[in-house]
Amino acid sequence: MALVSVVGATGRQGLAQMRQLAAAGHKVRALSRSENPDLGGSNVADETRVIDLSDESTFVPALEGSDAVFYTHPLQSPGDRSELVAKLGSAALEAGLDRFVWNTSGWIPDQPGEAHTYGDNTGAINALFRTGIPATVFGSVLFMDNLLTNWARPFIVHEDRYVYAHKPHLQANWISLDDVGKCMTAALSRPDLEGAWMNIGGPQALKPTEVTEALSRVFGREIKYDPCTPEEFGALLVKALGDSMAEEEKQPMRDFIASFYHYNNDSPTQPFLVNTDYMHRRLPEVEFETLEQWAARQDWSDDAHRPSAG
Numbered sequence: 014m015a016l017v018s019v020v021g022a023t024g025r026q027g028l029a030q031m032r033q034l035a036a037a038g039h040k041v042r043a044l045s046r047s048e049n050p051d052l053g054g055s056n057v058a059d060e061t062r063v064i065d066l067s068d069e070s071t072f073v074p075a076l077e078g079s080d081a082v083f084y085t086h087p088l089q090s091p092g093d094r095s096e097l098v099a100k101l102g103s104a105a106l107e108a109g110l111d112r113f114v115w116n117t118s119g120w121i122p123d124q125p126g127e128a129h130t131y132g133d134n135t136g137a138i139n140a141l142f143r144t145g146i147p148a149t150v151f152g153s154v155l156f157m158d159n160l161l162t163n164w165a166r167p168f169i170v171h172e173d174r175y176v177y178a179h180k181p182h183l184q185a186n187w188i189s190l191d192d193v194g195k196c197m198t199a200a201l202s203r204p205d206l207e208g209a210w211m212n213i214g215g216p217q218a219l220k221p222t223e224v225t226e227a228l229s230r231v232f233g234r235e236i237k238y239d240p241c242t243p244e245e246f247g248a249l250l251v252k253a254l255g256d257s258m259a260e261e262e263k264q265p266m267r268d269f270i271a272s273f274y275h276y277n278n279d280s281p282t283q284p285f286l287v288n289t290d291y292m293h294r295r296l297p298e299v300e301f302e303t304l305e306q307w308a309a310r311q312d313w314s315d316d317a318h319r320p321s322a323g
């Protein structure tokens, strides 16, 4: 049993990671900027500590006494990705941790020249490994849980529309955040994954109409595929983030999301696809759920707790 510190514990990714750590019998330390973090009613955290990613002096005190750390890079990042990850890796090494497990929240390229956060992931992985902390990195390509957010769920639940910025041809290996947490948890007991990185996704490569077919079966009524433009999608995401984002940050975020989804739709490298055969060989202990299985066990009601992002 390990004590694992989870950075960003109040976000939807951190909450899922804590659930899977607890289910595997590990102790959990929730790390957040708040001394009294809102964990959405979750009772799986054994303890909490404060960490502020914009204040390097908080890193070592937050991590000390734990065996490993789970890290998810924030959507609204304070500073350069490589620099921040390296600082955290160095702090984990100084604090005496045995493992650093990073979920990049995006595809990791295996060739140079990729745009957006993808190329940044490669540089940041190199920066993390150079710190000397034993590390494992997972590139999770697209989250099923995005469909529960306020930029997607209301259309599905109230209007029977799947509104997303995916062109009809685009295939994606949607993965649940719980399965990401399972992969990260599995890495703790896998010395062969030390110093390794790999992309992970769900077991099916789905086109948008296949997403709606799965949702229709779960809801018992027809959910129609209604694509939006990347520009419209950026506006929906920023609106959902609401007051959690400063006013001056909103237009740059809209522009980034629009550019990001134009790239994902048209890139020949297909950043939402995963080599699932390789993934299953490397992670045989993880049973990945399908989109339909995931959707069937969700609370789609308006009053369910769901962080806007993270």
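So the sequence shown is numbered by this note's numbering: it starts at 14 and just counts up by one.
Glycine included, C-beta positions come from ideal geometry on N, C-alpha and C.
As the structure is a prediction and not an experimental result, all values here were calculated from the model.
Apart from sequence neighbours up to five positions away, the residues of its chain that approach Asp80 with a beta-carbon distance below 7 Å are Ala15, Leu16, Val17, Leu110 and Asp111, ordered along the chain. Nearest neighbour of Glu69 by Cα position, chosen from Ala104, Arg94 and Arg42, turns out to be Ala104.
Ranked by how close their Cα comes to the Cα of Ser55, the residues Ala37, Ile64, Thr222 and Arg32 have Arg32 in first place. Cβ contact annotation for Arg267 (same chain, cutoff 7 Å, sequence separation greater than five): Gly247, Ala248 and Val251, in chain order. By the Cβ rule, the region 130-146 does not count as touching the region 188-199, because fewer than three pairs are nearer than 8 Å.
The beta carbons of Val63 and Arg46 sit about 7 Å from each other, so the pair counts as a contact at 8 Å. With a contact defined as Cβ atoms closer than 8 Å, Val176 and Ala165 qualify at about 7 Å. The residue from Gly102, Ala99, Leu66 and Arg94 with its alpha-carbon nearest to that of Gly119 is Arg94. Bounds of any beta strand (DSSP E) do not take in Leu183, whose DSSP letter is neither H nor E. DSSP, read as helix, strand or coil, puts Ser118 in coil.
Per the DSSP secondary-structure output, Thr144 pairs with nothing in a beta bridge. In this structure, Thr85 lies near Gln26, with their beta-carbon atoms less than 7 Å apart. At a Cβ-Cβ threshold of 7 Å, Gly102 and Ile138 do not count as neighbours. By the C-beta criterion, the region 146-157 is judged to be in contact with the region 205-224, since at least 3 inter-stretch pairs fall below 8 Å. In terms of Cα proximity to Cys241, the closest of Val170, Arg174, Leu97 and Glu235 is Arg174. Collapsing the DSSP output to three states places Glu60 in a strand.
Contact check for Val224 and Leu304: beta-carbon distance about 6 Å, within the 8 Å limit, so the pair qualifies. For Leu141, the closest of Asp205, Val114, Val231 and Tyr276 by C-alpha to C-alpha distance is Val114.
With 16 or more other CB atoms across the displayed protein chains lying within 10 angstroms of its CB, Tyr274 is buried. The beta carbons of Thr282 and Glu127 sit about 7 Å from each other, so the pair counts as a contact at 8 Å. DSSP places Ser314 in the coil class of the three-state scheme, outside both helix and strand.
Remark: C-beta atoms of Met258 and Phe83 do not approach each other more closely than 7 Å. Ile236 sits in coil when the DSSP states are folded into three classes, being neither helix nor strand. Scanning the region 184-244 for uninterrupted alpha helix (DSSP H) segments of 4 residues or longer gives 190-200 and 221-232, listed from N- to C-terminal end. For Gly247, the secondary structure class from DSSP, reduced to helix, strand or coil, is helix. Taking all protein chains in view, the Cβ of His318 is surrounded by fewer than 16 other Cβ atoms within 10 Å, so the residue is classified as exposed.
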